[in-house]
Amino acid sequence: MIIKKPSDITASVLKELEGAQDARFKEILHSAVKHLHAFVSETKLTEPEYQKICGIIARMGQMTNEHHNEVVLAGGSLGISALVCLLNNGVSAKEIDNNPGATEVDDELITTANMLGPFWRDDSPLSQNGDNLARGTTKGDPIFVKAWVKDGSGAAVPDATVDVWHTSAEGFYENQDPSQVDMNLRGRFKTNAQGLIEFRSVKPAGYPIPVNGPVGDLLKMQGRHNMRPAHIHFLIHKEGYKTQFSQVYSNDDPYINSDVQFGVTQSLLANYVKHHANAPDPDVTGAWYSLEHTFIVSQGQSGYPRAPIKGKNTGALPEQVILERKIKP
Ligand SMILES: [Fe+2]
Numbered sequence: 254m255i256i257k258k259p260s261d262i263t264a265s266v267l268k269e270l271e272g273a274q275d276a277r278f279k280e281i282l283h284s285a286v287k288h289l290h291a292f293v294s295e296t297k298l299t300e301p302e303y304q305k306i307c308g309i310i311a312r313m314g315q316m317t318n319e320h321h322n323e324v325v326l327a328g329g330s331l332g333i334s335a336l337v338c339l340l341n342n343g344v345s346a347k348e349i350d351n352n353p354g355a356t357e358v359d360d361e362l363i364t365t366a367n368m369l370g371p372f373w374r375d376d377s378p379l380s381q382n383g384d385n386l387a388r389g390t391t392k393g394d395p396i397f398v399k400a401w402v403k404d405g406s407g408a409a410v411p412d413a414t415v416d417v418w419h420t421s422a423e424g425f426y427e428n429q430d431p432s433q434v435d436m437n438l439r440g441r442f443k444t445n446a447q448g449l450i451e452f453r454s455v456k457p458a459g460y461p462i463p464v465n466g467p468v469g470d471l472l473k474m475q476g477r478h479n480m481r482p483a484h485i486h487f488l489i490h491k492e493g494y495k496t497q498f499s500q501v502y503s504n505d506d507p508y509i510n511s512d513v514q515f516g517v518t519q520s521l522l523a524n525y526v527k528h529h530a531n532a533p534d535p536d537v538t539g540a541w542y543s544l545e546h547t548f549i550v551s552q553g554q555s556g557y558p559r560a561p562i563k564g565k566n567t568g569a570l571p572e573q574v575i576l577e578r579k580i581k582p
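Count the sequence shown with this note's numbering and you get residues 254 to 582, in order.
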């Protein structure tokens with residue numbers, strides 16, 4: 254088509270898509286082209302602005318390596334990861350369209366699924382119930398966690414594989430922090446006959462997401478902070494069940510209402526209970542925490558995602574930069 258006006262470009266691109274063989278691919282790209290062209294027209298994007306956007310996207314790719322994924326971080330910071338999660342786990346697109354203010358609790362569509370995040374490694378060591386994930390010398394308040402995996406009817410799901418990972422008390426995942434031993438604060442458990450896994454670790458801290466790249470630039474321009482409230486990640490896998498990613502958040506965290514990744518849902522707010530005596534392990538003499546949580550998995554297709562990272566940072570400890578939020582709660 255010889256282009257006579259701007260809308261001819263959109264029509265031309267969509268016409269070229271007619272040759273696509275994969276129906277779902279065709280549907281997704283058709284919608285993406287329509288919305289991207291509408292976005293450019295609506296904002297009357299200038300040439301320097303377009304060049305800047307291309308530069309941002311290119312830099313996200315250039316910054317992504319074996320121990321850092323800037324693209325996943327960007328998706329989270331724009332709420333894309335959280336939206337994809339809820340749309341695929343209990344809240345349909347129709348329900349959101351018809352009732353934009355609805356939450357999964359208002360609709361009684363509770364899901365314990367959450368975002369995978371950029372820090373899962375797919376080669377965590379096998380652990381036994383009762384193991385301590387604090388490997389080597391890891392400082393922090395001891396925490397004793399019990400997590401149950403159940404199906405929609407409330408029945409225990411035994412023999413499910415549950416990966417667990419979280420930050421140190423300083424707010425670093427082991428892959429970011431060269432001073433932590435490999436696979437510190439990570440483990441892979443099997444649920445027992447009651448669908449239970451249990452382990453000891455140290456209470457994780459909330460953490461700032463890195464702001465030394467384009468994601469940081471975008472947060473600063475919006476006047477946003479870059480904090481995630483403290484949480485523990487879980488990945489639950491069993492044949493016949495939809496693989497579930499989850500994060501269980503500490504409800505006493507100061508950033509619980511303004512997670513930079515928009516991940517906190519009502520059903521994943523948990524009470525990290527503080528105790529002062531009678532810890533399950535006799536070597537714990539000071540304060541300690543307990544956490545109990547139940548995950549509900551649904552029948553469906555199981556499978557592991559591609560791990561966002563593979564390795565460990567061997568360079569310097571990243572600087573923790575905390576941005577101030579301009580909007581006050
Ligand atoms: Fe995390």
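For glycine and all other residues, C-beta sits at the position ideal for the given N, C-alpha and C.
The beta-bridge partner set that DSSP reports for N510 is empty.
The residue from N566, G516, Q554 and I489 with its alpha-carbon nearest to that of Y502 is G516. Residue burial is scored here from C-beta neighbours: Y525 has at least 16 other C-beta atoms within 10 angstroms and is therefore classed as buried. With fewer than 16 other CB atoms across the displayed protein chains lying within 10 angstroms of its CB, G556 is exposed. For G370, the CB falls within less than 6 angstroms of some heavy atom of ligand 1. Q497 and G383 have their C-alpha atoms spaced approximately 22 angstroms apart. Remark: fewer than three beta-carbon pairs, one from each stretch, lie closer than 8 angstroms, so the segment 463-482 and the segment 434-442 are not flagged as touching. M313 and K305 have their C-alpha atoms roughly 13 angstroms apart. Contact between the segment 560-577 and the segment 527-546 is absent: fewer than 3 CB-CB pairs across the two stretches fall below 8 angstroms. Taking C-beta atoms as the reference points, P371 and P561 count as a pair closer than 7 angstroms.
Taking a cut-off of 8 angstroms for Cβ pairs, the segment 537-549 and the segment 403-411 touch, as three or more such pairs fall below it. Proximity of the segment 313-333 to the segment 446-454 falls short of the contact definition, fewer than three beta-carbon pairs being nearer than 8 angstroms. Within the segment 262-290, no beta strand (DSSP E) run of at least 3 residues lies entirely inside it.
Beta-bridge partners of G332 (DSSP): none assigned.
Annotation for I309: the continuous alpha helix (DSSP H) segment containing it runs E300 to M316. P561 sits in coil when the DSSP states are folded into three classes, being neither helix nor strand. Under the DSSP assignment, P467 falls in the alpha helix (DSSP H) whose first and last residues are P467 to Q475. If you draw a straight line from the Cα of N367 to the Cα of A335, it is about 7 angstroms long.
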